[in-house]
Structures are given as C-alpha cells and as structure tokens.
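The structure appears right after this line, and notes come after that.
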Amino acid sequence: GRNLQDHPLAQACVFRAKRPLGPVTGNGGGSMVNWKSRPDLPQADLHAFPVQGNSAEPAIRARYEISGDVFSFGAGVMRSKSVGHLRLLEARPGGALEIQPNFLAEPEDLEAMVTAVEAVIEMAAARANAHVFAGFAAPDRRLSRKETVPFVRDACSTFFHTCGTCRMGEDEEAVVDSRLAVRGIGGLTVADASVIPIIPSCNTHAPATMIGERAADFILQAA
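So the working numbering is basically just the index in the sequence shown, starting at one, shifted up by 521.
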C-alpha cells in the first residue's frame, strides 16, 4: 500500500457563458492541451480540458455562485511528485481502508498546479473565446498567485489515475518482480496499474492494458 501515486486535478475553474452550451453529454476529453509549468522541464507536466457545464468540486460550489449557463476548465499535474499510501484497517476481506493520496504535499506540485489554474483562467478569457466567455464565476475574478493557493486546495480532486501500491522492482520493498510475480508467494501475479513504480505522464488506461497483455504472456510462457 505504500507508494500510492495519482494525478491531482483542479476541478474546476468555472466561467459564465454568453449562451447555453447544451447538455453535459461528454466526459471533458473532446479537446485538451498539454504544456510545461516551467520552460526548463524536459516535457509537458500540465494538462487541461474544457467541460460544457459546471464540473466544480463541492467546496467550490459552496463558495461561489455558479448557476446558469457556464463552462469549466479542469487542470492538473501529470508529473506529480507527491506520494501517499493505502492501508488496511481491518484484517478481513472487504474491510475498511485508509486511503491518503497526499495531493500537493510536495511544494513543486503545488507550484505547478497554481500555474495550471492561472493559465486556464487566461485561456478562458482569451480573445479567441470572446464568442462564449461572459465573465468569471469560480473564481469570480482573477486571483493573485497567493490567493490561487487556497482555491487550488479547495478544488483539488483526482484524475482517477491511481497506481504504484504494488510496485515492480528488484529491491526488498518491491511487491512484484519484472514478470509481475508477487515476491515470496508462488503462483500469484498482479496485473494492474498498482505495479507501476513511477506514475506516467498520461492517462493510465493504456499502460494498464499493456500490463495485462504482458501478464497474459508471462502466464502462458510459464504454463
């Protein structure tokens, strides 16, 4: 249960729309943008996407008036460094769990998330969106960088890209080896995203599918 990793998501910045945008029938993945939080990084670490409606977390809904015609931007950190844990609280199947993602524990992650939120606010208000943008809703104005920090903490949610709690490796703390076999237990294989040692900078669906394919190959080879 150690090494729990995920992509933190600011859900969401909400903006007034000049016209109704229709029912929220998509999952927000119809368009997206990736960019760097700092120019010195080797690859993009931020990701954002629009939603044609209100997709804000409860804390944001409670703080701001965001009814009516609105659209949202979700933004997140795809190279997050913060690590959490998953712990069994009861020694029985189906027992209670403690899940601590530890989002934004690393200062670098918080800085990146603040940068992401600042950027999507400017994206929404850009001239290219003048046909739809009618003003700010949540936040209800441009924020200073210091003011953006509590907004980010209230908006922080998850991409549901959890991984890493049964990580692969060669050291004594690793749960599975390079063939996905659980160390010290014969005939047991783990074939899901929990074996990923370091979270990838993408949706975990494709990596999890690849892991399943490789697990099938390993099991057939050993048969």
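Note that beta-carbon positions come from the ideal geometry of N, C-alpha and C, so glycine has one too.
Residues in its own chain within less than 8 Å of M689 by CB, not counting five upstream and five downstream?
Excluding positions up to five away in sequence, the list reads A695, V696, V697, D698, S699, L701, V716, I717 and P718.
Report, in whole angstroms, the separation of the C-beta atoms of A714 and C684, which I expect to be a contact under 8 Å.
That belief holds up - the Cβ atoms of A714 and C684 are roughly 4 Å apart, short of 8 Å.
Three-state secondary structure (DSSP) at S558?
Here S558 sits in coil by DSSP.
From T710, V535, D675 and E619, pick the residue whose C-alpha is nearest to that of Q573; which is it?
Answer by Cα proximity: V535.
Is any beta-carbon of chain B found at less than 7 Å from that of P671?
Any reference to chain B falls outside this structure, which holds one protein chain only.
Over the uninterrupted beta strand (DSSP E) stretch that includes Q532, give me the two end residues.
Residues P529 to A538.
What would DSSP say about H652, mapped onto helix, strand or coil?
Residue state, collapsed to three classes: coil.
In whole angstroms, give me the CA-to-CA distance for K602 and K667.
Straight-line Cα distance between these residues: approximately 21 Å.
Would you report the Cα separation of T679 and A533, rounded to the nearest angstrom?
Distance between the alpha carbons of T679 and A533 is about 11 Å.
Using the DSSP secondary-structure output, state which residues sit across from S593 in a beta bridge.
Paired residue(s): V535 and V572.
Sort A743, H726 and A659 by Cα distance to V591 and report the nearest one.
Nearest option by C-alpha distance: A659.
Helix, strand or coil for M644? Go by DSSP, reduced to three states.
It is helical.
Which residues in the same chain as C723 place their Cβ atom closer than 8 Å to its Cβ, once the five residues preceding and following it in sequence are excluded?
Excluding residues within five positions, the ones whose Cβ falls inside 8 Å are M599.
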